[in-house]
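Accompanying notes for the structure given below.
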Amino acid sequence: MIPIAKLRNYATNPQYSARLALALFLIEIIVCVGIIWKVPYTEIDWIAYMQQAEQLLSGTTDYSQVEGQTGPLVYPGGHVKVFVYLFQITNRGQNVLLAQVIFAALYLVTQALVFVVYIQANAPPYVLPLLIMSKRIHSIYLLRLFNDCWMTFAAVFAVFFLQNQLWILGAIWMSFAISIKMSALLYIPGALFIFYQGTGNNFIMTVILILCLFGIQYVMALPFLGSYDDAMNYLSAAFNIHRQFLYKWTVNWRFISEATFSSRFFSASLLYAQIISLLTFGSYLWVRPSMYDGGLPDLLSEILVKTHPRLARRIISRVTPQFVLVTLASSMLLGTLFARSLHYQFYVWVFWCIPYLLSRAYIIPIPVKFLLWAAIEYAWNVYPSTSISSAAWATSVTIIIAATFYCELHFPSADTFDKGQYIDYYAVDAEIKRQHDIEEALKAKNKESEEVSNDENSGTEVTGSETTIKASNVLKKKKAAKKNKK
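For what it's worth, UniProt numbering labels the leading residue of the sequence shown as 1, then goes sequentially.
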């Protein structure tokens, strides 16, 4: 029988993650083939995507005129390019099986990338199986063919490049993700901190990276910017932040009333809560590579000040693969926690982020982490959503975010640059408790010693007094005897 300590080492030591990831990837290939072979395809948006692609290929450049059976085109130019290519490859969208195979390949490549970014960030082995266990994720990729899958692929590629400090490539791929679906903007708050500190607090380089973001957006949108009206129609459709969502499709807010869900007050409250959360994470966690005691205000006050080269190198070295992944994953998770509404296909935005954040939340016992993951998976597999499923999502994500915040304060990911270095947070926690117990035992022992010492001193004083009295009596007797002799 394998000792428990050895099993724990296998489960928590990242040096075993690569081998486990390879085994899981091979399992995924078999699972994908089985799903496509045995489970019927479900039509939701594929036909609409193909109808829109056909209209665009016919020469339509006015976004307001492009529609499918589920409604108008509401995605940016990157989405258009992807699905126009798919339209051509799949015989005008009629070869759905080929489309499923393409999406299966997309899923496997995305999973491989996720495994790589996890391994680069020293993820422990026990969280890796969670990445392949979601029924909903397999359904979204292989049976529903949503554009969210392509957005996630580009976003994970961006994370990979940013982990390896290839800042321009990271910015380009992040912009690709945004050009497929606006929801990738939720990564941007965290990405800006990475851009600035990853370049050694270089404001000019940060501006260049931001221009890369805008540049890709311009290239993707160029066919639809022929006139002022066309440009306005494109921007209002592809980046419509005032879009209204239907209560019947919400996954995350079913436990509130429809009237509250549709109110402007609720929408504004979510926006303010998200801004406050982002500022809190930014000020306390995302500035850690710069080592500012004053947090975000200090960073902003020195944003135009040239950083000394030696300090710049030190800051860059602290933008670790762990820091990149924690920052972008928490940025996305905060965005989805306060999103006005989440639909079932949106799960692919955050699913790949959750296991790693759970691994960083060392204060949560491993069994509880699995329960939190299961609660989230439950929330996304209940159809239609219920008050319980929505509450399970909101509660679980809130716990993960709070635990991530606490643990990043005490064990910041910006302090673990050496890829070979592994911090066993459970061992650290146990060591802290052990040291505390030792200190308490020493205090108790010292207190006991003091009490014993006090008792001995008081006993000595009593004995000394008695001896003095006896000696005095003896002297008196001797004096009396001398007088009698005289």
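Note that beta-carbon positions come from the ideal geometry of N, C-alpha and C, so glycine has one too.
Let me make sure I understand the geometry here. Which of the options has the alpha-carbon closest to that of residue i?
i	options	result
A112	Y187, R136, I29, F266	I29
I168	A402, G198, M151	G198
Q94	W380, Q51, W349	Q51
residue 517	R314, Y378, P384	Examination of residue 517 is not possible in this model, given that the chain is present from 1 through 486 alone.
G170	F83, A339, L211	L211
I47	L442, R144, S317	R144
I216	A273, P189, I180	I180
M232	T61, I208, V101, S139	T61
S361	Y406, W393, D415	Looking at the sequence itself, residue 361 is Ala, so the reference to Ser does not match. Selected option, being the one with the closest Cα: Y406.
R355	F115, L246, P189, K38	Reading off the sequence shown, one finds Pro at residue 355, where the question assumed Arg. Comparing Cα positions, the closest option is F115.
L131	S227, L22, G68, I438	L22
R92	P72, S58, S139, A105	S58
H242	L271, I276, V80, Y218	L271
C32	M133, Y228, W393, Y292	M133
A177	F214, L7, W393	F214
S139	E43, I172, S227	E43
F281	I401, L73, D415	I401
Indicate whether residue i and residue j have their beta-carbon atoms separated by less than 8 Å.
i	j	result
S129	L24	One point to set straight first is that residue 129 is Pro, not Ser, in the sequence displayed. Yes. Within cutoff.
G77	M220	yes
S283	Y187	no
L342	N240	no
Y347	I35	no
L357	T404	yes
P124	T12	yes
L98	T90	yes
Y141	Y107	yes
Y75	A238	yes
residue 487	V127	This structure gives no information on residue 487, because the portion of the chain shown stretches from 1 to 486.
A375	C353	no
L334	L279	no
F351	Q274	no
V82	Y41	no
S269	Y247	no
F87	A53	yes
R340	F245	yes
Grab me the residues of residue i's own chain with a C-beta within less than 8 Å of its C-beta, minus the 5 sequence neighbours each way, in chain order.
i	result
F203	Y196, I303, L304
D418	With a pLDDT of 41 at D418, under the threshold of 50, the predicted position of this residue should be treated as unreliable, though the coordinate-derived value follows. Counting only Cβ-Cβ distances below 8 Å, and skipping sequence neighbours, we find nothing.
I399	I364, L372
G420	The pLDDT assigned to G420 is 38, lower than 50, so where the model puts this residue is not dependable; a value taken from the coordinates is nonetheless given after this. None.
V287	F193, Q197, G295, L296, D298, L299
N381	K135, R136
V101	I36
residue 525	Here the chain covers residues 1 to 486 and nothing more, so residue 525 does not appear.
Y383	Y344
V156	T110, L113, V114, V117, W352
K38	none
residue 575	The question about residue 575 has no answer here: the residues shown for the chain are numbered 1 through 486.
P412	L285, R288, F323
K486	Because K486 carries a pLDDT of 49, less than 50, the predicted location of this residue cannot be relied on, and the following value inherits that uncertainty. Correct list: empty, nothing qualifies.
Is residue i close to chain B, meaning its C-beta is less than 8 Å from at least one C-beta of that chain?
i	result
A259	Going by chain labels, chain B is absent from the structure shown, which holds only one protein chain.
Under 7 Å Cβ to Cβ from residue i, same chain only, skipping five residues before and after it: list those, please.
i	result
N201	S290, T307, A312, I315
Y234	Y63, A221, F224, L225
D45	T70, F146
T206	F195, Y196, T199
T260	F266
I366	Y126
H79	N147, I180, K181
V462	A caution first: V462 carries a pLDDT of 48, below 50, which makes its placement in the model too unreliable to give a value.
D230	T61, D62, F224
Output needed for residue i: all residues of its chain with C-beta closer than 6 Å, excluding positions within five of it in sequence on either side, in chain order.
i	result
E408	L285
Q55	V66
K369	L358
Y426	At Y426, the pLDDT of 49 sits below 50, so the modelled position is not reliable; the number obtained from the coordinates is stated separately. Contacts found: none.
K443	none
L20	P125, L128
Y10	Y16
- prompt: Of all the alpha helix (DSSP H) runs that stay within the bounds of the stretch 127-162, which reach a length of 4 or more residues?
  reply: 135-139
Unbroken stretches of the beta strand (DSSP E), 3 residues or longer, contained in the stretch 51-87: none
query: At a cut of 8 Å, does the stretch 114-121 reach the stretch 307-325 through at least three beta carbon pairs?
result: yes
query: Taking contact to mean at least 3 C-beta pairs separated by less than 8 Å, is the stretch 135-151 in contact with the stretch 180-194?
result: yes
The stretch 386-393 / the stretch 248-262 touching (three or more Cβ pairs under 8 Å): yes
- request: Only counting runs of 4 or more residues, tell me where the alpha helix (DSSP H) segments fall wholly within the stretch 287-348, in order along the chain.
  value: 296-301, 309-318, 321-337
message: Report the start-end ranges of each beta strand (DSSP E) in the stretch 196-279 that is 3 residues or longer and not cut off at the edges.
response: Those beta strand (DSSP E) runs which fall completely within the stretch 196-279 and span 3+ residues do not exist here.
field: Any alpha helix (DSSP H) of 4 or more consecutive residues that is wholly inside the stretch 362-392
entry: 366-381
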